[in-house]
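Participant: Can you read through this structure? Questions will come right after.
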Amino acid sequence: MTVYDDLISILFKLPDGRNLEEYFKNILLLAKFSDNDLAENNTFPQSGVKKYSSYDEIVMDFNASSQIAIEAQAIFNQKNNTQTKSQVMYLIVAKQAEGSTVAEALDAAKNIDGKFAKVVPLSRLSADISAVADWCMTNSRFCDCVVSNVEDVSDLVENLNNYTYGIFRKNMQEPIASALASTSTCGKFGAKDGSAQFTQLIGISPEQYTGAEISAMKSNNLAFYTNISPIDGGNTSEFGYNWVVGSRMLGGEFRQRCMIKHYIEKAVGLMALEFFNKKPMYDETGNNLLLTMAQKLFNTFQTYNLIIPTTAEQVGYELKVTPIRVGKNSIMNTDTEAYNAKRFKLSGYYYDAIVGEKVDFMFTVDPSEEEVAQILGGGEE
172 MTVYDDLISI LFKLPDGRNL EEYFKNILLL AKFSDNDLAE NNTFPQSGVK
222 KYSSYDEIVM DFNASSQIAI EAQAIFNQKN NTQTKSQVMY LIVAKQAEGS
272 TVAEALDAAK NIDGKFAKVV PLSRLSADIS AVADWCMTNS RFCDCVVSNV
322 EDVSDLVENL NNYTYGIFRK NMQEPIASAL ASTSTCGKFG AKDGSAQFTQ
372 LIGISPEQYT GAEISAMKSN NLAFYTNISP IDGGNTSEFG YNWVVGSRML
422 GGEFRQRCMI KHYIEKAVGL MALEFFNKKP MYDETGNNLL LTMAQKLFNT
472 FQTYNLIIPT TAEQVGYELK VTPIRVGKNS IMNTDTEAYN AKRFKLSGYY
522 YDAIVGEKVD FMFTVDPSEE EVAQILGGGE E
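Under the working numbering, the first residue of the sequence shown carries the number 172, and numbering increases by one thereafter.
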């Protein structure tokens, strides 16, 4: 088992994993559908999974009136407030077959193509939303879902599920969760990306809510889409903006901070693979190489506005490697098991660019035999 202090999970096989962009720009839509949803004389792959790069490709397979086509149109038409076009690379449609569970369908989809950071469930049923949310928390993916009953997510709120972002919607057919997922597929999740707060959604109408409804949504960390205007009353929407209001995952953590942490963990995991691809010596020479690569990576995190910049007044991050053979605190003298397994240890901290909070971490860089074989060219793709 690969160990990065239980923080890092390598999801990619080389060479596909060398660029994280596609992983963060893909959305998986989980749906139950029948032949009636398909275009005439068309069949869906036996595997239950297919990848699409445009809405036009979707309507070659599905009826334009089907809910899948409606969701896909929202996904491919969105942009966030700083973009001129959608940043989605692929929409992966995964079919939940009759009699199969949510987890079985998602596991099957991940095994066929695991390059997706976002899951959107087509179902609005409470049990299905909870099942997708639980799967995403276990598998380190993010879920954007529509909620029409605040009580449906009370367990997810109580269990601190910070992998699921719920948005309240009275109209259960509108593809608002798909639209939301699309607006945060930019890949970096820094200062301008990743936060749904104040996002304008194309093709989605705002809803109006009472003070009691808003209070209930906020208490359960649910977002909502409404018109915000400084002037009360009818016919005043032209003075305001249609905005997503709500910046927290159901568990209470800021959505953008969760995505930044996820990006950093995956990027460090990829760096670790690239590090072993250089066949490092298990000594201070290898340690210095690891530190140099990590410093270069964390500099890019500052460029992307994931962590605060380093200035004369503040330090954005600090990294160090545990000595391997030098001194009483070396791995050789303090952790025989790690030393015999030739594990490298990288530790440090960074300050999150969103709220400036210090995040401490320890990564134990130790790939499994399977991943070593892939790196060295001896494994199967």
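Here a beta-carbon is modelled for each residue, glycine too, at the ideal position from N, C-alpha and C.
Cα separation between Thr272 and Leu444?
Facilitator: As a first step, residue 272 must be located in the sequence shown, where it is residue number 101. As a first step, residue 444 must be located in the sequence shown, where it is residue number 273. In a straight line, the C-alpha of Thr272 is about 34 Å away from that of Leu444.
Participant: Express the C-alpha separation of Tyr194 and Asn310 in angstroms, rounding to a whole number.
Facilitator: Looking up residue 310 in the sequence shown gives position 139. Looking up residue 194 in the sequence shown gives position 23. Their Cα atoms are separated by approximately 14 Å.
Participant: Residues in the same chain with beta-carbon distance under 6 Å from Asn413, minus the five sequence neighbours each way, listed in chain order, please.
Facilitator: Walking along the sequence shown from the start, residue 413 turns up at place 242. Result list for Asn413: Gln371, Pro377 and Asn398, in chain order.
Participant: According to DSSP, is Lys196 part of a helix, a strand, or is it coil?
Facilitator: In the sequence shown, counting from the first residue as 1, residue 196 sits at position 25. Looking at Lys196 - three-state DSSP - the assignment turns out to be helix.
Participant: Pull up the distance between the alpha-carbon of Glu269 and that of Ile283, whole angstroms please.
Facilitator: The residue labelled residue 269 in the question sits at position 98 within the sequence shown. The residue labelled residue 283 in the question sits at position 112 within the sequence shown. In a straight line, the C-alpha of Glu269 is about 19 Å away from that of Ile283.
Participant: At 3 residues or longer, and completely inside the segment 319-401: list those beta strand (DSSP E) runs for me, N to C.
Facilitator: The segment 319-401 contains these whole beta strand (DSSP E) runs: 335-339 and 395-399.
Participant: Does the distance between the C-beta of Phe233 and the nearest non-hydrogen atom of the ligand NAD fall short of 7 Å?
Facilitator: By its list of ligands, the structure shown contains no ligand whatsoever, and the ligand NAD lies outside what it can speak to.
Participant: Can you give me the C-alpha to C-alpha distance between Met308 and Arg428, rounded to a whole angstrom?
Facilitator: Against the sequence shown, residue 308 aligns to sequence position 137. Against the sequence shown, residue 428 aligns to sequence position 257. If you take the alpha carbons of Met308 and Arg428, they lie about 15 Å apart.
Participant: Please state if the CB of Val317 and the CB of Ile347 are separated by a distance shorter than 8 Å.
Facilitator: Position 176 of the sequence shown, counted from the start, is the residue given in the question as residue 347. Position 146 of the sequence shown, counted from the start, is the residue given in the question as residue 317. In contact: Ile347 and Val317 (Cβ atoms closer than 8 Å).
Participant: My assumption, with CB atoms under 8 Å, is that Ala304 sits in contact with Leu201. Please give the rounded CB distance.
Facilitator: Within the sequence shown, the letter at position 133 stands for residue 304. Within the sequence shown, the letter at position 30 stands for residue 201. With 8 Å as the limit, Ala304 and Leu201 do not qualify as a contact, their Cβ atoms being about 12 Å apart.
Participant: Below 8 Å on the Cβ atoms is my contact criterion, and I expect Phe515 with Val492 to pass it. Report the Cβ-Cβ distance as a whole number of Å.
Facilitator: The residue labelled residue 515 in the question sits at position 344 within the sequence shown. The residue labelled residue 492 in the question sits at position 321 within the sequence shown. 7 Å between Cβ atoms; contact.
Participant: On a Cα-Cα basis, can you pick out the residue from Ile495, Lys289, Ile385 and Gly487 that is closest to Thr513?
Facilitator: Here residue 513 refers to the residue found at position 342 of the sequence shown. Checking the sequence shown, residue 513 turns out to be Lys, not Thr. Of the candidates Ile495, Lys289, Ile385 and Gly487, the one whose C-alpha sits nearest the C-alpha of Lys513 is Ile495.
Participant: Quick check on Phe410: buried or exposed, where buried means 16 or more other Cβ atoms within 10 Å of its Cβ?
Facilitator: Counting from 1 along the sequence shown, the entry for residue 410 is found at position 239. By the 10 Å Cβ count, Phe410 comes out exposed.
Participant: Can you give the Cα-Cα distance for Asp323 and Met388, rounded to whole angstroms?
Facilitator: Residue numbering aside, residue 323 sits at position 152 when the sequence shown is read from its first letter. Residue numbering aside, residue 388 sits at position 217 when the sequence shown is read from its first letter. One C-alpha to the other measures close to 11 Å.
Participant: For the segment 430-438 against the segment 402-409, are there 3 or more C-beta pairs whose distance is under 8 Å?
Facilitator: No, the segment 430-438 is not in contact with the segment 402-409.
Participant: Counting C-beta neighbours from all protein chains within 10 Å, is the total for Thr356 16 or more, i.e. buried, or is it exposed?
Facilitator: Locating residue 356 in the sequence shown gives position 185, where the first residue counts as 1. Counting Cβ neighbours within 10 Å, Thr356 comes out buried, since at least 16 surround it.
Participant: By a C-beta neighbour count over all protein chains shown, 10 Å radius and 16 as the cutoff for buried, is Val220 buried or exposed?
Facilitator: As a working note, residue 220 is residue 49 in the sequence shown. Buried.
Participant: Distance, Cα to Cα, Met533 vs Leu460?
Facilitator: Mapped onto the sequence shown, residue 533 falls at position 362. Mapped onto the sequence shown, residue 460 falls at position 289. So the two alpha carbons sit approximately 17 Å from each other.
Participant: Going by DSSP, what residues sit across from Gly519 in a beta bridge?
Facilitator: Sequence index remark: in the sequence shown, residue 519 carries index 348 (1-based). Answer is Leu490 and Phe532.
Participant: Within 10 Å of its beta-carbon, does Ile402 have 16 or more other beta-carbons around it, so buried, or fewer, so exposed?
Facilitator: For the purposes of this step, residue 402 is taken as residue 231 along the sequence shown, with counting starting at 1. With fewer than 16 Cβ atoms within 10 Å of its Cβ, Ile402 is classed as exposed.
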